[in-house]
Every structure is written in C-alpha cells, then in structure tokens.
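Participant:
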C-alpha cells in the first residue's frame, strides 16, 4: 500500500520536484555571482580613476578636492568609495573644508561604469572648517541648498572675528534626506543643541538642551531677492523676546520688538547698519523695571572687552513713563547715550514728584581707570514732595530750589570730585565745602561700588548728614 502511494506521488510530482532541485543550483549560482559582483571592485585601482570622482563632486555638489591621501573601495556596510585625508575648496570662497574620510556610495549599476559615474549619497566623516563672520552665510547656503543627498558626521566649526575665536560648534550631525532631514545636532558651549529647518527652509527652530533656550525664526516669502523679512521668537529661561526684522546685507531693521521677564519688560526698535561699517540706532520704551537687577551688574567685567568697545558705534534712547497709581520712584525718565570708539556721551532727564533732574556728561571707557564726567541740575518745584520720597518730612515747602553740580566720578576707585556746586544762583560752594561734601559722599554713598550709589537709603542718609 505504501509503495503504491509513493509511486503515485513520484509520478505526479516528479517534474515539480526536479524543477525545485534545479532552482537550488540556480539560486546558489545567483548568490555566488552577487558576492563576486561586490567583491571584484575591491581589486580595482581607484587611484587612476580619482579624476572621475573629482569631476563628479564638482559637477553635482560644487565641491572641489584640492588634495587627498588615498581612495579605497569598502564593501561594508554598503559598497562605497572612501577618500581619506582630503581638503575641499569652493571656487567662490576662501573657505576650506578638511575631511578625515569622505564616503561616496555609488549606484549599483555604476560600480563598474566609471565613465557615467553616479552616486546615491556622500558622507563626510570627521570634518573641520574655520569661518569668518562673512563666510557663515555662504557656508550654510552651500549645503542647505544641495539637491543631492549628503550627510555630515562629526563636523567641527570654528567661527572667528578676524583672528579672535568667537564660538565653536562641535560634533555636528546633519543630513538633507531621510527621517532626520534638515535637522542639525551638535554641541555649543559644552551643551547639546538641535536645529530643525523645514523643507522650504523658511522656518528654523533652535534649542539648547537642558538650558531653557528655545529660538524660533519664520521667514516671509521673498518679494525682493536682496531682502529677507521674518519674525523672531525666543524663550531664554524665563525671559521672552519677540520681534519682526528685515535684512538686506547692508542693514538689519528690528521693529515691533517686545521683551518680557520677571524683572524687566520693554518695547524696542533698532536699526543696525553693517556696511560700510557697523553702526546701530535703538529706541527703548521701558514698561516695567526692577532696579535690583542692577546690583548684579559687574562693570569691571564689561570694561575688560576694550577691543570690542573700540568697534561699537551706537546711539540709543531709553524712555520710561510710570503707570497711573504705580509705586514707581521716578515719574518720567529719558536717557540718550551714544558710544563711538570707546567714548561714551550721555544726557538724561527725569522727574520725581514733578521735580526735574537734568544731567549730561561723558566718559572714555578705554582708559584703565575711567572717569565719568557729569554736569547736573536739579529744579525742585516742591522740595517737600521730593524729600518725602526719601521719608524725610519737613514743615516748610521751599518752592524755589535750583541746584547745579559739576564734577567726575572714578568708577573703579570709589572716588568723586566736585568741581562746582551752586544753589539758587546766590550760593556757590567754597573749596572747603566741596571737600566736605566729597568726604561725606564717599563715606556714605560711595562706600561700596558705582552701582550702589543709587541706593535710596544711602542717599537719604547723605541728605540728612549735610542738611
């Protein structure tokens, strides 16, 4: 019975089984042929074909290889051509990109066809580049606008202002294809950051992980090829900033700007000229200010950057109007100051209980020990209301009180010199009086640092002492 069953199977399926066994050999031949297809190119001399790859990179990526150490065929993880220790130049820029390894992944049908060479993608492994401020835009545009696939693994960028290092970006990863398309990751200030750019390249989001820094930039559709317009939003810790901007390579215009934090909020408009030289003009409208933030200001550290101060040319105006029913010490405040080649000029006027204060002066911030010169006048409409701000009560209200003071302050040495003091045009301080006021001011008001001279308790003590 069993033999009969075997004969039936053998007669009906013998042709099918013979075909299956034949496929076994055919499949084996296919595997061997495939392995040989990928292995044989490893025996080719690619040094002789290097000009083909160079021409391909110039034509398709606009990358010019000036020199390289070697070129080899690698089978894993996918067949690729690996160029080692090469320098890449750009025809229209002095920027040089140094690459440890550049991998070119050819299309399968082009492994043997070097005359019509094509690739699927290229990968940069361990690259370094140094950029000046003027090169940043060119470098970014060069790779973000690439149509062909490319990937950077471990790119290090150093940005310089002339010869001084401004910032270093390390371990950057970037791909213009795939799941992580147009996502830039890396390290800045020893912190991990991530930048996302949408497919139209008009929305950029920048984050520094675990730092509270989140920046979002949206660009408007271009109506003028030389003009870039958009909106900037950022959140840095608990501070928020938002503004509109327009940029045309010669100037940056910032408008509808609003900044808000726990201790400070203001509106701002700024025009920053870049050519022919750097110059800025800004206007600030203060809405809220906690004066305690000035206690954290360290003038000594700010004035250490004298080389930067030499290059800043700026004009600024600051305005403040206290809100109705607020407890602000100052009713109105206006400050104008300009800085050019390290020299500061300022003028300010403010009112306290409808009493007016006007000051002007200058300082050379490039000096080792800067002197702040001042020429101030105080016009009190109500002496009683003014002193009441300091919790000093007087019975008589002298409505006529005009005080004029000239002198200078040594910012770091805690010294003040009164050159001239006069009251109501009928009193002029003698040298003895000037020295007395100098001594009391330094001992009571200027006993700590320059910022602390605006302490209301100290001013009250000084007023009581000389009254």
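Numbering (our numbering), first residue to last: 1 to 467. Glycine included, every Cβ here is placed at the ideal spot set by N, Cα and C.
#1: Since I believe residue 374 is in contact with residue 407 (beta carbons under 8 Å), could you give me their beta-carbon distance rounded to a whole number of angstroms?
#2: Indicate whether residue 299 and residue 450 have their beta-carbon atoms separated by less than 8 Å.
#3: Flag this pair as touching only if the region 131–141 and the region 153–171 have three or more C-beta atom pairs under 8 Å; answer yes or no.
#4: Can you give me the start and stop residues for the alpha helix (DSSP H) that residue 55 sits inside?
#5: To the nearest angstrom, how far is the alpha carbon of residue 289 from that of residue 328?
#6: Got a sec? Which residues, its chain only, sit under 7 Å from residue 460 by beta carbon, not counting five neighbours each side?
#7: Are residue 446 and residue 414 touching if we call contact CB-CB under 8 Å?
#8: Please return the same chain residues whose Cβ sits closer than 6 Å to the Cβ of residue 37, not counting the five positions on each side in sequence.
#9: Once DSSP output is grouped into helix, strand and coil, what is the label at residue 43?
#10: Under a three-way DSSP split, which group does residue 194 fall into?
#11: Can you tell me the Cα-Cα spacing of residue 352 and residue 322, whole angstroms?
#12: Taking 8 Å as the cut-off, decide whether the C-beta atoms of residue 150 and residue 143 are in contact.
#13: Where does the unbroken alpha helix (DSSP H) through residue 386 begin, and where does it stop?
#14: Once you ignore the five residues that flank residue 84 on each side, which residues in its own chain have a CB closer than 6 Å to its CB?
#15: Between 61, 50, 92, 354, which lies nearest to residue 73 when the distance is taken from Cα to Cα?
#16: What do you get for residue 94, buried or exposed, if any count of 16 or more other CB atoms within 10 angstroms of its CB means buried?
#17: What does residue 119 pair with, by DSSP beta-bridge criteria?
#18: Could you round the C-beta distance between residue 104 and residue 81 to whole angstroms and report it? I think they count as a contact, below 8 Å.
#19: To the nearest angstrom, report how far apart residue 394 and residue 282 are at their CA atoms.
#20: Would you call the region 349–369 and the region 299–313 in contact, with 3 or more CB pairs under 8 Å?
#21: DSSP three-state call for residue 302: helix, strand or coil?
#22: Helix, strand or coil for residue 255? Go by DSSP, reduced to three states.
#23: What number of angstroms, rounded off, separates the C-alpha of residue 380 from the C-alpha of residue 434?
#24: Work out the CA separation of residue 453 and residue 263 for me, nearest whole Å.
#25: For residue 243, does the three-state DSSP call read helix, strand or coil?
#26: Using three-state DSSP, classify residue 309 as helix, strand or coil.
#27: For the ligand MN, any of its heavy atoms closer than 7 Å to the Cβ of residue 293?
#28: Tell me the rounded alpha-carbon separation between residue 59 and residue 79.
#29: Can you tell me whether DSSP reads residue 287 as helix, strand or coil?
#30: Leaving out five residues before and five after residue 308 in sequence, what residues of the same chain have Cβ atoms less than 7 Å from its Cβ?
#31: Take the Cβ of residue 427 as the centre, count every other Cβ of all protein chains shown within 10 Å, and call the residue buried at 16 or more, exposed below.
#32: Identify the residues that DSSP records as bridge partners of residue 95: which are they?
#33: Three-state secondary structure (DSSP) at residue 449?
#34: Using a Cβ-Cβ cutoff of less than 6 Å, which residues in the same chain neighbour residue 315 once the five nearest sequence positions on both sides are dropped?
#35: Compare the beta carbon distance of residue 167 and residue 127 with 8 Å and say whether it is the shorter of the two.
#36: Could you give the DSSP three-state label for residue 394: helix, strand or coil?
Facilitator: Result, derived from the coordinates:
#1: On the chain shown, residue 407 is found 407 positions in, with the first residue counted as 1. On the chain shown, residue 374 is found 374 positions in, with the first residue counted as 1. The Cβ separation is near 6 Å, so the contact holds.
#2: The residue labelled residue 299 in the question sits at position 299 within the chain shown. The residue labelled residue 450 in the question sits at position 450 within the chain shown. Yes, Cβ-Cβ distance for residue 299 and residue 450 is below 8 Å.
#3: yes
#4: Counting from 1 along the chain shown, the entry for residue 55 is found at position 55. That run of the alpha helix (DSSP H) goes 50–61.
#5: Here residue 289 refers to the residue found at position 289 of the chain shown. Here residue 328 refers to the residue found at position 328 of the chain shown. Their Cα atoms are separated by approximately 9 Å.
#6: Working through the chain shown from its first residue, we reach residue 460 at position 460. Excluding positions up to five away in sequence, the list reads 390, 391, 392.
#7: Looking up residue 446 in the chain shown gives position 446. Looking up residue 414 in the chain shown gives position 414. The answer is yes: Cβ separation under 8 Å.
#8: Residue numbering aside, residue 37 sits at position 37 when the chain shown is read from its first letter. With a pLDDT of 49 at residue 37, under the threshold of 50, the predicted position of this residue should be treated as unreliable, and no value is reported.
#9: Taking the chain shown and counting its residues from 1, the one referred to as residue 43 is at position 43. Confidence at residue 43 is low in this model, with a pLDDT of 48, below 50, so the placement of that residue should be treated as unreliable; the coordinate-derived value is given next. In the structure shown, residue 43 sits in a helix (DSSP, three-state: H, G or I).
#10: The residue labelled residue 194 in the question sits at position 194 within the chain shown. Strand, per DSSP.
#11: For this step, residue 352 is matched to residue 352 along the chain shown. For this step, residue 322 is matched to residue 322 along the chain shown. Roughly 11 Å separates the two Cα atoms.
#12: Reading the chain shown from its first residue, position 150 is the one you call residue 150. Reading the chain shown from its first residue, position 143 is the one you call residue 143. For residue 150 and residue 143, yes; Cβs fall inside 8 Å.
#13: In the chain shown, counting from the first residue as 1, residue 386 sits at position 386. Taken as a continuous stretch (DSSP letters only), the alpha helix (DSSP H) holding residue 386 covers 383–388.
#14: Start at 1 with the first residue of the chain shown, and residue 84 comes out as number 84. Hits under 6 Å: 69, 70, 101.
#15: Against the chain shown, residue 73 aligns to sequence position 73. Closest by alpha carbon: 50.
#16: Here residue 94 refers to the residue found at position 94 of the chain shown. Answer is exposed; the Cβ neighbour count stays below 16.
#17: By 1-based counting over the chain shown, the position of residue 119 is 119. Looking at the DSSP assignment, residue 119 forms a beta bridge with 106.
#18: Against the chain shown, residue 104 aligns to sequence position 104. Against the chain shown, residue 81 aligns to sequence position 81. About 5 Å separates the two Cβ atoms, so the contact holds.
#19: Within the chain shown, numbered from 1, the residue matching residue 394 stands at position 394. Within the chain shown, numbered from 1, the residue matching residue 282 stands at position 282. C-alpha separation (whole angstroms): 42 Å.
#20: yes
#21: As a working note, residue 302 is residue 302 in the chain shown. Three-state DSSP puts residue 302 in a helix.
#22: By 1-based counting over the chain shown, the position of residue 255 is 255. Note: residue 255 maps to strand in three-state DSSP.
#23: By 1-based counting over the chain shown, the position of residue 380 is 380. By 1-based counting over the chain shown, the position of residue 434 is 434. Approximately 22 Å, taken between the alpha carbons.
#24: Here residue 263 corresponds to residue number 263 of the chain shown, with the count starting at 1. Here residue 453 corresponds to residue number 453 of the chain shown, with the count starting at 1. Straight-line Cα distance between these residues: approximately 20 Å.
#25: As a position in the chain shown, residue 243 is number 243, starting the count at 1. In the structure shown, residue 243 sits in a strand (DSSP, three-state: E or B).
#26: Position 309 of the chain shown, counted from the start, is the residue given in the question as residue 309. Note: residue 309 maps to helix in three-state DSSP.
#27: The model depicted lacks the ligand MN and carries no ligand whatsoever.
#28: Stepping through the chain shown from its first residue, residue 59 is reached at position 59. Stepping through the chain shown from its first residue, residue 79 is reached at position 79. Those two C-alpha atoms are separated by around 22 Å.
#29: Looking up residue 287 in the chain shown gives position 287. If DSSP states are grouped into helix, strand and coil, residue 287 belongs with the strands.
#30: The residue given as residue 308 occupies position 308 in the chain shown. Here the set comprises nothing.
#31: As a position in the chain shown, residue 427 is number 427, starting the count at 1. Residue 427 is exposed by the Cβ-count criterion.
#32: The residue you call residue 95 lines up with position 95 of the chain shown. None; residue 95 has no bridge partner.
#33: The sequence position of residue 449 within the chain shown is 449, counting from 1. Residue 449: coil per DSSP, three-state reduction.
#34: On the chain shown, residue 315 is found 315 positions in, with the first residue counted as 1. The answer, listed in chain order, is 281, 338.
#35: Taking the chain shown and counting its residues from 1, the one referred to as residue 167 is at position 167. Taking the chain shown and counting its residues from 1, the one referred to as residue 127 is at position 127. Their beta carbons are not under 8 Å apart, which means residue 167 does not touch residue 127 by this criterion.
#36: The residue given as residue 394 occupies position 394 in the chain shown. Residue 394 falls in the coil class under three-state DSSP.
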